[in-house]
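K.L.:
Residue numbers (the numbering used here): 61 to 239.
I have a structure here, written as structure tokens, and I will follow up with some questions on it.
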Amino acid sequence: MLNIVEEIIFNFSNNKSLYIGEELTMSEHMIQTAMLAEKNRCTNDLICSSLLHDYGHFVLEDPNQLMSNHIDGNHETIGANYLKEYFSNKIIEPILLHVDAKKYLARNKKYFDDLSEASKNSLKLQGGIMSDNEAKQFEKNKNYKNAIKLRRFDESAKKQNIKIKDIKDYKELLISKII
Ligand SMILES: [Fe+2]
Numbered sequence: 061m062l063n064i065v066e067e068i069i070f071n072f073s074n075n076k077s078l079y080i081g082e083e084l085t086m087s088e089h090m091i092q093t094a095m096l097a098e099k100n101r102c103t104n105d106l107i108c109s110s111l112l113h114d115y116g117h118f119v120l121e122d123p124n125q126l127m128s129n130h131i132d133g134n135h136e137t138i139g140a141n142y143l144k145e146y147f148s149n150k151i152i153e154p155i156l157l158h159v160d161a162k163k164y165l166a167r168n169k170k171y172f173d174d175l176s177e178a179s180k181n182s183l184k185l186q187g188g189i190m191s192d193n194e195a196k197q198f199e200k201n202k203n204y205k206n207a208i209k210l211r212r213f214d215e216s217a218k219k220q221n222i223k224i225k226d227i228k229d230y231k232e233l234l235i236s237k238i239i
């Protein structure tokens with residue numbers, strides 16, 4: 061069996077599935093998210109969360125299929141559960157909460173209006189905009205601010221034809237964060 065860092069590198073290099081509703085691959089999207097975290101001088105933990113935030117899609121068999129059947133694949137929970145054996149809670153929690161962060165931010169009308177069509181559709185499947193009460197609960201999570209930061213990087217990480225890093229550039233960082 062491959063160790064987890066080798067497995068991550070393998071999946072990023074070999075999985076060619078497209079990011080839902082966009083023209084770039086899931087791997088490119090996650091690497092761009094990590095690059096934005098680096099550019100914004102985030103901690104190594106948050107860079108790791110950003111890099112791995114959609115890893116649940118690699119664990120799931122076919123996210124496109126799930127979307128077309130109108131089933132929410134719960135990729136954030138699947139990814140977080142899969143990775144928590146290997147990484148600390150500081151890294152895992154923003155991954156787990158990055159969908160809730162969207163539901164939280166969508167309470168703002170401008171934020172909602174600016175979401176892509178695909179993202180608006182998945183918001184519905186994910187339970188829709190948070191109520192005030194849900195928002196209060198969300199703010200009780202220790203790492204909720206990092207989840208919001210991750211969410212903002214996530215949304216900007218959909219560029220095509222820009223020069224991006226290779227997953228192998230993150231190998232040392234990943235190794236250093238294994239618990
Ligand atoms: Fe994402």
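Each residue gets a CB set at the ideal place from its N, CA and C atoms; glycine is no exception.
Only a predicted model underlies this, so the values are computations on that prediction, with no experimental measurement involved.
#1: Nearest-angstrom Cα distance between residue 220 and residue 92?
#2: Does residue 103 come out as helix, strand or coil in the three-state DSSP assignment?
#3: Can you look up residue 78 in the DSSP assignment and give me helix, strand or coil?
#4: Select from 175, 166, 231, 108 the residue whose C-alpha is nearest the C-alpha of residue 218.
#5: If you check the beta carbons only, do residue 214 and residue 158 fall under 8 angstroms apart?
#6: Out of 119, 89, 118, which has the shortest C-alpha to C-alpha gap to residue 110?
#7: Take residue 161 as the anchor and find which of 144, 237, 147, 188 has the nearest alpha-carbon.
#8: Is it right to say residue 211 is buried, meaning 16 or more other beta carbons lie within 10 angstroms of its own, or is it exposed?
#9: Tell me whether residue 93 counts as near ligand 1, meaning its Cβ is closer than 7 angstroms to at least one heavy atom of that ligand.
#10: Output yes or no for whether 8 angstroms exceeds the beta carbon distance between residue 69 and residue 228.
#11: What's the gap between the Cα of residue 180 and the Cα of residue 146?
P.N.:
With the given structure in hand:
#1: Here the alpha carbons of residue 92 and residue 220 stand approximately 10 angstroms from one another.
#2: coil
#3: Strand at residue 78.
#4: 175
#5: yes
#6: Per the Cα distances, 89.
#7: 188
#8: buried
#9: yes
#10: yes
#11: 32 angstroms
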